[in-house]
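Q: Below are the structure tokens for one structure; questions will follow.
Number of protein chains: 2
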Amino acid sequence: MVRSQGPQELTIGKLAAAGGVGVETVRFYQRKALLATPKRLDGVRRYGPEALRRLRFIKRAQTAGFTLEEIRELLALDAGENRSAARDLARKRLDQLEARIGELNRAREALRKLVSECAEDKTGPCPILASFGL
Amino acid sequence: MVRSQGPQELTIGKLAAAGGVGVETVRFYQRKALLATPKRLDGVRRYGPEALRRLRFIKRAQTAGFTLEEIRELLALDAGENRSAARDLARKRLDQLEARIGELNRAREALRKLVSECAEDKTGPCPILASFGL
DNA sequence: CTTGACTCCGTACCATGGTACGGAACTTAT
DNA sequence: ATAAGTTCCGTACCATGGTACGGAGTCAAG
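Here it is, written out as structure tokens:
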């Protein structure tokens, strides 16, 4: 009989595949303390749904522009009881994110301007630097 | 009499200071062909206003999320005569930028939700993962 | 009970975007 | 003319976020 595995059902390979990352990436995150390293059962580590949730969270937070270090903090706060620390960190990140979005919007306007000014029917180089206000 | 310097007036240190970067960064950009390496006059390179324009462009394009390699392409196109190539690249970058802005806006909503859900008067951990739809 | 796939683990390597170091040559101020 | 400050140049080092490698152990099917 195979030992009961409870909620621990995924091997590292399955977990990585489910999370859309490579096995090496999972191991890398473990080294960085972003994912827990579970106990070994029969020599192989088994991962539960919590690990998958965290893995997916890491991916989303990364696309949101967080560094792995910031994500580590967020994950620690998610587990912890310190509501005000969590809220403060989230608010800080929110401010940073909004500033970043503002920058990107300005850059978007510059690029839009460039695309419209660099029309087919004109000659000479396109005013790339000028589009950025230079 | 000091030899006339025409528009070549800045030394690398002045250029770097004017562009808000370090001397080493200017040299790094030269190695990466983002900035031209001017001829030496009396053993020291002199930089004109064009170098400063490029340096400032690099900084702005970086905050717009371009990699140095992409910036190198943009600078090459700015100098070149190929309008359609320049416009196509700009359009491609514009699409990427808008996709990125969309991602960041979604992340912002998640963070906003988190800040509002993680209120002072409740107890227990803040629902960080849950705020991101997990 | 062997074969092939997967896991474990440490270590090395990679790209990106810089930053630092150190000696020699050159410039600038006194 | 000498000392302090820059520049020049190669090379080494750094952080971030992974990716690859090699050998050993384990697991599952035939």
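Residue numbers (the numbering used here), protein chains in the order written: chain A, 288 to 421; chain B, 288 to 421.
All residues carry an ideal CB built from backbone N, CA and C; glycine is no exception.
Exposed or buried, A/Leu331, counting other C-beta atoms within 10 Å across all chains shown (16 or more means buried)?
A: Checking the sequence, you will find Val at residue 331 of chain A rather than Leu. When all chains shown are included, A/Val331 counts as exposed.
Q: Give me the residue from A/Ala348, A/Gln317, A/Asp408 and A/Lys346 with the minimum Cα distance to A/Tyr334.
A: It is A/Gln317 whose Cα lies nearest to the Cα of A/Tyr334.
Q: Compare the beta carbon distance of A/Leu342 and A/Leu362 with 8 Å and say whether it is the shorter of the two.
A: In this structure, A/Leu362 does not lie closer than 8 Å to A/Leu342 by Cβ.
Q: Could you tell me whether any Cβ in chain B is nearer than 8 Å to the Cβ of A/Thr312?
A: Judged by the 8 Å Cβ criterion, A/Thr312 is not in contact with chain B.
Q: Since A/Ala394 and A/Ser418 are thought to touch, with beta carbons under 8 Å apart, how far apart are those beta carbons, to the nearest angstrom?
A: The pair is not a contact, with the Cβ atoms about 10 Å apart (cut-off 8 Å).
Q: What does B/Val402 reach in chain A if we use C-beta pairs closer than 8 Å?
A: What B/Val402 touches in chain A: Arg374, Ala377, Arg378 and Leu381.
Q: Let me see if you follow: with CB-CB separation under 8 Å, is A/Ser291 close to chain B or not?
A: Only weak support is given to the placement of A/Ser291: the predicted model assigns it a pLDDT of 40, under 50, and the value that follows is read from those uncertain coordinates. So no, A/Ser291 is outside the interface.
Q: Let's see if you can read the secondary structure: which residues bound the alpha helix (DSSP H) around A/Arg333?
A: First-last for A/Arg333: undefined, no H or E at that position.
Q: Could you name the residues of the stretch 331–352 of chain B whose beta carbon sits closer than 8 Å to any beta carbon of chain A, in the order they occur along the chain?
A: Under the 8 Å Cβ criterion, the stretch 331–352 of chain B contributes Arg340, Arg341, Arg343, Phe344, Arg347, Ala348, Thr350, Ala351 and Gly352.
Q: Determine, for A/Ala366, whether the minimum Cβ-Cβ distance to residues of chain B falls below 8 Å.
A: So, interface residue.
Q: State the DSSP-derived secondary structure class of A/Leu322, mapped to helix, strand or coil.
A: Note: A/Leu322 maps to coil in three-state DSSP.
Q: How many Å lie between B/Thr298 and A/Ala304 at the Cα?
A: Roughly 54 Å separates the two Cα atoms.
Q: So if DSSP puts A/Leu297 in a beta bridge, which residue, or which two residues, is it bridged to?
A: A/Tyr334.
Q: Would the beta-carbon of B/Gly330 be found less than 7 Å away from any heavy atom of the ligand FAD?
A: As for the ligand FAD, it is missing from this structure, which has no ligand bound.
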